[in-house]
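Following this note's numbering, the numbering of the sequence shown begins with -5 at its first residue and continues without gaps.
We put the CB at the ideal spot given by N, CA and C, even for glycine.
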Amino acid sequence: MTWLFLTAAILTEVGATLSLRMASRPAASRRWYVLVASGYVCAFALLGAALDRGMPLGLA
């Protein structure tokens, strides 16, 4: 289960990073900024869940 949380955290962070690229375009709407912020918050929450379930910090 910890690997599932870590995988979801990585995929969420990649999605947020791609949204950050879209948000930096001149004609970008505010929804990209919402996606960036919520993506990073979700990624850190999932990483915290993986660590709470016993995954070593050096491995995560």
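- Taking Ala31 as reference, the option from Pro20, Arg47, Leu14 with the minimal CA-CA separation is Leu14.
- If you check the CB distance, Thr6 and Gly33 come in under 9 angstroms.
- Taking a C-beta distance under 9 angstroms as the contact criterion, Ala44 and Ala54 qualify as a contact pair.
- Counting only runs of 4 or more residues that sit fully inside the segment 11 to 43, no alpha helix (DSSP H) segment turns up.
- Under the three-state reduction of DSSP, Leu(-2) is assigned to helix.
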